[in-house]
Amino acid sequence: MAIITLPYRYLERLAGTDRQTIIDRVPMIGADIERIEEDHVDVEFFPNRPDLYSPEGVARAMRGFLGIEEGLPNYTVRPSGITFSVDPNLADIRPFLGSAVIRNVALDEEGIESLMALQEALHWAVGRGRGKVAIGVHDLDTVKPPFRYVASPRNRSFVPLDFEREMTMEEMLADHPKGRDYAHLVENFDKFPLIVDAENRVLSFPPIINGELTRVTAATKNILLDCTGTDRKAVMTAVNIICTALAEAGATIETVTVEGEEMPTLAPAERVVSVGECSRLLGLPLTAEEMSRLLRRMRFDAEPDGASRVRILVPCYRSDILHDWDIFEDVAIAYGIENFDAALPATSTVAQEHPISAITGAVRSVMTGLGYLEAIPFTLSNDRVLYANMQREPAPGTLRLLHPISEEQTVVRTDLLPLLMEMLQANKHRELPQRLFAVGDVVVDCITSQKAAAVSIHPAADFSEAYAAADVLCRELSLPYTVTESADPAFLDGRRGDIVVNGKIVGVFGEVHPAVLGAFDLEHSVAAFALDLTAVPGYPALPDTPSPGGR
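Numbering-wise (our numbering), the sequence shown opens with residue 56 and increments by one.
This is the structure in structure tokens:
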């Protein structure tokens with residue numbers, strides 16, 4: 056979760072109340088106070104509320120919650136006349152661009168730090184480490200519109216932020232701290248994303264680094280905002296949050312025309328919600344008028360739509376509103392969590408840990424003790440990863456999606472080991488050794504069971520390492536086993552073994568075959584093992600027949 060620094064003087068001015076009231080009440084809107092200092096308070100907010108990742112956003116919410124200023128915030132947007140073109144060659148690299156012009160900003164050093172902190176918090180919460188969204192903030196007065204977002208040759212050079220000399224973009228990936236951190240997002244493309252002005256000067260190399268040319272300083276009065284990414288909704292969420300935060304501080308928002316589209320509009324979304332459903336869920340006898348009043352305190356526009364419904368306008372920065380229940384949660388917050396009556400349930404039960412949870416928990420304990428990090432692979436995969444890359448034949452009971460929307464996600468996973476190999480491929484730019492394990496559900500013949508798998512990659516990874524890890528896990532799970540020579544084509548002949556329990560093969564270990572390493576574009580040896588946890592003593596019996604629904 057994001058920890059936000061809130062300076063008292065700035066926050067008091069924006070919120071219209073004193074610091075003690077803010078400290079007392081801010082936890083009620085969904086925050087934990089981390090530290091109270093002489094001149095600021097550090098507050099931790101949940102990932103679902105990125106609009107609260109700045110003093111401006113917190114002040115806006117507090118004004119409503121405290122009844123100082125209720126209802127939908129009003130943001131005026133006017134055209135800037137500035138245009139942005141997007142190169143079609145970016146379609147498979149980083150296709151989406153959002154932009155805005157923000158004028159009349161008043162930034163001191165504290166304000167710049169706050170803006171940069173918001174930018175980085177959004178990179179984490181909305182951008183998923185800049186993969187979905189990367190944000191650039193530029194001094195507009197140092198460049199000349201119109202602007203272009205292009206796919207550039209990798210040898211294009213400019214002076215990156217915090218450097219004094221020109222570097223090629225390839226050099227930045229190797230030598231610039233941000234380049235090393237985020238190289239994996241672009242290094243496999245023939246061309247790199249680049250933002251340039253009318254004179255072909257570089258503003259930014261997203262998602263890596265801005266140019267020194269457009270550095271924002273205390274003298275900056277007008278800002279050009281760019282948000283690039285692979286998810287349009289996430290891109291526009293970031294644009295809306297930054298624009299409205301700076302508007303709260305007194306800035307003026309202007310639109311930019313991106314490929315004919317004016318953005319941002321900062322327009323609210325309309326919803327109609329049920330008073331009865333909200334009352335039932337919260338256990339409160341609400342009327343439409345009462346519900347509307349509570350929602351206005353949470354900065355919605357809300358009016359009764361008859362006796363049983365409320366029509367609301369959702370602010371553009373509230374990206375967390377995905378379902379009516381998200382709105383009902385805000386009703387509960389405005390009502391006051393402390394005002395709900397506590398009641399013991401009418402019945403009670405004696406609980407115990409499920410056997411499967413006990414077994415998977417034991418696997419996690421053992422593997423972390425061996426120095427492995429837990430990975431959580433996707434449940435959906437494809438034949439290439441599960442079978443072709445592993446030199447294995449498709450499992451007869453593979454559960455296939457009837458209408459997959461992506462070639463990468465066409466089947467439900469039947470094994471965890473191939474997915475760990477895929478993770479090693481995604482992390483090949485990281486330092487070695489890497490040791491990963493996974494434990495979780497697999498589905499074969501419409502029957503769900505649990506497996507475990509582990510991989511270790513480094514130049515000296517070998518059969519002995521795989522055997523040692525598998526042996527420790529089996530012994531700690533009280534699983535008596537024998538080892539026989541394996542014929543699994545995913546492993547190297549003569550350096551592989553099957554784990555056998557009661558005459559049945561329940562696992563495999565050894566050195567991964569060089570052809571498999573090549574299929575996953577790995578350059579070092581991998582020691583690995585996989586284990587079917589249904590063989591572990593105490594595992595519940597599986598059903599004799601598959602679930603209805605077929606394959």
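C-beta: ideal position from N, C-alpha, C; glycine also.
Remember, predicted model here, so these are calculated numbers, not experimental data.
Counting every other CB atom within 10 Å of its CB across the protein chains shown gives residue 152 a total of 16 or more, marking it as buried. Residue 73 and residue 117 have their C-alpha atoms roughly 11 Å apart. CA-to-CA, the gap between residue 114 and residue 108 works out to about 11 Å. Secondary structure at residue 363: coil, using DSSP grouped into helix, strand and coil. In the structure shown, the three-state DSSP call for residue 248 is strand.
Contact check for residue 269 against residue 279 passes: the beta carbons are separated by less than 9 Å. Residues of the same chain with a CB within less than 8 Å of the CB of residue 222, apart from the 5 flanking positions on each side, are 212, 213, 214, 215, 230 and 231 in chain order. With respect to the C-alpha of residue 385, the residue from 397, 398, 369 and 399 having the closest C-alpha is 369.
Out of 101, 488, 505 and 105, the CA that lies nearest to the CA of residue 426 is found in 488. Between residue 567 and residue 583, the CB-CB gap stays under 9 Å.
Remark: C-beta atoms of residue 258 and residue 191 approach each other more closely than 9 Å. Closest in alpha carbon position to residue 136, among 430, 154 and 580, is 154. Between residue 209 and residue 260, the beta carbon gap of about 10 Å keeps them out of contact (Cβ cut-off 8 Å). Approximately 5 Å separates the beta-carbon atoms of residue 477 and residue 440; this is inside 8 Å, confirming the contact. Between the region 561 to 580 and the region 441 to 454 there are three or more inter-stretch CB-CB distances shorter than 8 Å, so the stretches are counted as touching.
Straight-line spacing of the CA atoms in residue 366 and residue 325 works out to 7 Å. Each of 255, 529 and 218 was checked against the Cα of residue 553, and the nearest Cα belongs to 529. In the displayed model, residue 288 falls within a helix according to three-state DSSP.
Out of 495, 167 and 465, the CA that lies nearest to the CA of residue 274 is found in 167. For the pair of segments examined, the region 122 to 133 was found not to touch the region 81 to 91: the number of CB pairs separated by less than 8 Å stays below three. Taking residue 241 as the centre and dropping the five residues before and after it, the same chain places the C-beta of 247 closer than 6 Å to its C-beta, in chain order. By the criterion of at least three beta-carbon pairs nearer than 8 Å, the region 391 to 405 is not in contact with the region 462 to 472.
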